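For the record, the sequence lines run as chains A and B. Counting from 1, one number per residue, gives the positions in the first sequence under this note's numbering. Counting from 49, one number per residue, gives the positions in the second sequence under this note's numbering. Just so it is clear, CB atoms sit at the ideal spot from N, CA and C, and this is done for glycine as well. All values reported here derive from a predicted model rather than from experimental measurement. Data block below; observations after.
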Amino acid sequence: NLWSVPLRRTRSIRTRLRADGLLNEFLKDHTPDMISRRYAQCFPSGTP
Amino acid sequence: SLRLGRISERIYNFMDAQFYGEISLGTPEQNFSVIFDTGSADLWVPSSYCVSEACANHRCFKAFKSTSFIHDGRRFGIHYGSGHLLGTMARDTLKIGGLTIPNQEFGESVYEPSEAFLSAKFDGVLGLAYQSLAEILGSPVFDNMIEQKIVDQPVFSFYLSRCIHAKLTISPTGELLLGGTNEALYIGPIKWHPVTAKGYWQIRMDSVAVQGVSLFCPVGCEAIVDTGTSLIAGPTSDIVRLQQLIGATPSHFGEFVVDCARLSSLPQVTFVLNGTEYTLTSEQYIRKERLGKNEICFSGFQAVDIISSKEPLWILGDVFLTEYYSIFDKEHDQVGLARA
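Given below as structure tokens:
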């Protein structure tokens with residue numbers, strides 16, 4: 001008795017926002033996780 | 049949050065989630081697309097009473113049209129990285145892949161303030177983690193299936209296809225199998241890894257090596273197998289160094305990109321789980337995306353600091369799980385992995 005559920009792969013929310021040019025604006029208003037802030041400390045502005 | 053003296057952190061960041069499937073709720077059936085998420089334990093869909101703009105873009109549950117609906121009335125709230133959900137709890141008949149689960153608790157969201165959901169292709173989330181992670185009181189879906197003896201074996205498996213040659217929106221590219229494994233979708237023996245903490249599907253990791261050299265988690269750490277996370281995540285200090293080792297540089301958005309021309313020269317990254325090596329090549333851990341006329345190569349690694357009672361946690365998300373078929377065994381509390 002096995003029950004299969006097909007899964008679909010679609011573009012992620014991040015990809016859609018980026019493609020629509022909305023990602024930057026979105027991330028200004030939201031902090032989805034601590035990555036940006038953490039990395040901002042590790043890679044200050046101007047880091048090559 | 050602090051529960052029963054144990055610190056846990058739930059992951060609710062669906063910014064990168066990519067795989068979803070269909071379920072139905074109610075009598076007659078109302079269909080929804082949901083992320084099948086091993087990193088959470090709740091089921092929620094939008095309510096027809098939802099007042100948020102995001103709900104207008106999604107299918108909403110109409111309780112008044114279901115003859116099997118049972119009102120609960122308790123409120124629920126799920127906080128995730130980029131916003132939060134508010135709603136009420138209910139019970140109704142759930143159908144997944146031909147299986148019928150009567151009396152399933154779920155959340156009807158009435159408030160989804162995050163703009164993220166405007167762009168989401170899925171309506172809700174179906175959590176497959178252990179009950180201790182559940183925000184909503186009651187049995188998570190798979191626990192309910194086991195209790196009601198709906199599946200013979202308390203096992204479910206994921207096959208997630210990478211399909212890098214397909215175009216932007218991709219046709220059916222994965223399978224959640226309830227009740228066992230699909231031998232046609234994996235190669236070689238299954239290696240089993242005991243669950244070390246029953247919240248997430250959390251297993252022991254021995255080390256992470258770059259081009260054969262063990263650099264991270266050298267004395268062992270923990271990893272969770274999470275279909276609701278797209279990338280591979282680890283502690284910030286480790287991931288920053290790993291990005292440097294693969295030559296990834298940060299974009300304005302905090303994402304890391306590599307020069308696509310250098311892909312073949314990037315090192316392999318190996319995750320050692322219970323003595324078994326799981327190696328990803330650069331083609332496997334780099335995600336290529338087309339932005340206008342340009343192809344951008346994003347690093348498949350991201351920093352997420354999860355506080356746990358033991359060592360820092362790593363998250364093996366879809367980037368890992370597209371390469372390895374994963375089996376979640378609730379009877380023996382173990383995760384099986386085999387080459388997809």
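Under the rule that 16 or more other beta-carbon atoms within 10 Å means buried, what is Asp307/B, buried or exposed?
Position 259 of the second sequence, counted from the first residue, corresponds to residue 307/B. The residue in question, Asp307/B, is exposed, as its Cβ has fewer than 16 Cβ neighbours within 10 Å.
Spell out whether any CB of chain A is found under 7 Å from the CB atom of Phe67/B.
Stepping through the second sequence from its first residue, residue 67/B is reached at position 19. Output row for Phe67/B: interface = yes.
Residues of chain A with CB under 9 Å from Ile431/B, in chain order?
The question about residue 431/B has no answer here: the residues shown for chain B are numbered 49 through 388.
Between the C-alpha atoms of Pro242/B and Gly268/B, what's the straight-line distance to the nearest angstrom?
Numbered from 1 along the second sequence, position 194 holds the residue referred to as residue 242/B. Numbered from 1 along the second sequence, position 220 holds the residue referred to as residue 268/B. Approximately 15 Å between the Cα atoms of the pair.
Boundaries (first-last residue) of the beta strand (DSSP E) holding Thr148/B
Taking the first residue of the second sequence as 1, we reach residue 148/B at position 100. Here the beta strand (DSSP E) through Thr148/B covers Leu147 to Tyr159.
Mind listing, in chain order, the continuous beta strand (DSSP E) runs of no fewer than 3 residues lying wholly within the stretch 90–121 of chain B?
91–94
Within 10 angstroms of its Cβ, does Ile218/B collect 16 or more other Cβ (buried), or is it exposed?
For the purposes of this step, residue 218/B is taken as the residue at position 170 of the second sequence. Confidence at Ile218/B is low in this model, with a pLDDT of 47, below 50, so the placement of that residue should be treated as unreliable; the coordinate-derived value is given next. The residue is buried, with at least 16 neighbouring Cβ atoms inside 10 Å.
Straight-line CA distance for Gln41/A to Val203/B?
On the first sequence, position 41 is the one that residue 41/A refers to. On the second sequence, position 155 is the one that residue 203/B refers to. Because Gln41/A sits at a pLDDT of 46, beneath the cut-off of 50, its placement in the model cannot be relied upon, and the following sentence gives the value as read from the coordinates. Cα-Cα distance, rounded: 43 Å.
Beta carbon proximity, Lys169/B to chain A, threshold 7 Å
Indexing the second sequence from 1 puts residue 169/B at position 121. Output row for Lys169/B: interface = yes.
Could you give the first and the last residue of the continuous beta strand (DSSP E) run that contains Asn79/B?
Looking up residue 79/B in the second sequence gives position 31. That run of the beta strand (DSSP E) goes Gln78 to Asp85.
Anyone know if the C-beta pair for Val155/B and Trp249/B falls short of 7 Å?
As a working note, residue 155/B is residue 107 in the second sequence. As a working note, residue 249/B is residue 201 in the second sequence. Per the sequence shown, the amino acid found at residue 155/B is Gly instead of Val. No, the Cβ-Cβ distance between Gly155/B and Trp249/B is not below 7 Å.
Can you pull the chain A residues whose beta carbon is under 7 Å from the beta carbon of Gly228/B, in chain order?
Counted from its first residue, the second sequence places residue 228/B at position 180. Near Gly228/B (Cβ distances below 7 Å), the residues of chain A are Leu2.
Residue closest to Arg9/A, alpha-carbon to alpha-carbon, out of Ile71/B, Leu339/B, Ser81/B and Leu73/B
Start at 1 with the first residue of the first sequence, and residue 9/A comes out as number 9. Closest by alpha carbon: Ser81/B.
Going by the DSSP bridge assignment, what does Lys341/B pair with across the sheet?
Walking along the second sequence from the start, residue 341/B turns up at place 293. Answer is none; Lys341/B lacks a bridge partner.
At 9 Å on the CB atoms, spell out the chain A contacts of Gly175/B, in chain order.
Position 127 of the second sequence holds residue 175/B. None at all; the shortest Cβ gap to chain A is about 15 Å.
For Arg9/A, the residue or residues it bridges with in DSSP:
Here residue 9/A refers to the residue found at position 9 when the first sequence is read from its first residue. According to DSSP, Arg9/A bridges with Phe67/B.
Is the beta carbon of Asp346/B sitting closer than 7 Å to the one on Glu303/B?
Residue 346/B sits at position 298 when you count from the first residue of the second sequence. Residue 303/B sits at position 255 when you count from the first residue of the second sequence. Residue 346/B is actually Phe in this sequence, not Asp. Yes, they are a contact pair.
Asp254/B - DSSP class collapsed to helix/strand/coil:
For the purposes of this step, residue 254/B is taken as the residue at position 206 of the second sequence. Note: Asp254/B maps to coil in three-state DSSP.
Quick one: which chain A residues come within Cβ less than 7 Å of Glu337/B?
Sequence index remark: in the second sequence, residue 337/B carries index 289 (1-based). Within 7 Å Cβ-Cβ: Thr15.
Those residues which DSSP pairs with Cys269/B across a bridge
Taking the first residue of the second sequence as 1, we reach residue 269/B at position 221. In the DSSP output, where bridge partners are listed per residue, Cys269/B has Met253/B.
Residues near Ala111/B in its chain [Cβ-Cβ closer than 6 Å; skip 5 each side]
Numbered from its first residue, the second sequence carries residue 111/B at position 63. Cβ neighbours of Ala111/B beyond the five flanking positions: Phe117.
From the DSSP output, which residues share a beta bridge with Gly135/B?
The sequence position of residue 135/B within the second sequence is 87, counting from 1. In DSSP, Gly135/B forms a bridge with Phe124/B and Ser157/B.
Quick one: grab the DSSP three-state call for Ile294/B.
Within the second sequence, residue 294/B is the residue found at index 246, counting from 1. The answer is coil: DSSP assigns Ile294/B none of H, G, I, E or B.
Are Ala182/B and Asp85/B close, meaning C-beta to C-beta below 7 Å?
Taking the second sequence and counting its residues from 1, one reaches residue 182/B at position 134. Taking the second sequence and counting its residues from 1, one reaches residue 85/B at position 37. No, these two residues do not count as a Cβ contact at 7 Å.
What number of angstroms, rounded off, separates the C-alpha of Glu25/A from the C-alpha of Trp362/B?
Stepping through the first sequence from its first residue, residue 25/A is reached at position 25. Stepping through the second sequence from its first residue, residue 362/B is reached at position 314. Their backbone Cα atoms lie some 29 Å apart in a straight line.
Run of the alpha helix (DSSP H) containing Leu369/B, from where it starts to where it stops
Here residue 369/B is taken as the residue at index 321 of the second sequence, counted from 1. That run of the alpha helix (DSSP H) goes Asp366 to Leu369.
Report the option in Asn230/B, Val305/B, Leu226/B and Asp120/B whose CA atom is closest to the CA atom of Thr148/B.
Position 100 of the second sequence, counted from the first residue, corresponds to residue 148/B. Nearest of Asn230/B, Val305/B, Leu226/B and Asp120/B to Thr148/B, Cα basis: Leu226/B.
Taking 7 Å as the threshold (beta carbon to beta carbon), is Leu233/B in contact with chain A?
Position 185 of the second sequence, counting from 1, holds the residue named residue 233/B. It does not; no Cβ of chain A falls within 7 Å.
With distances taken between CB atoms, is the gap from Thr75/B to Thr136/B smaller than 7 Å?
Counting from one through the second sequence, the residue named residue 75/B turns up at place 27. Counting from one through the second sequence, the residue named residue 136/B turns up at place 88. No, these two residues do not count as a Cβ contact at 7 Å.
Taking 6 Å as the limit between beta carbons, can you name the residues of its chain near Val256/B, skipping five residues before and five after?
Translated into the one-based positions of the second sequence, residue 256/B becomes position 208. Same-chain partners within the cutoff: Phe264, Cys265 and Phe319.
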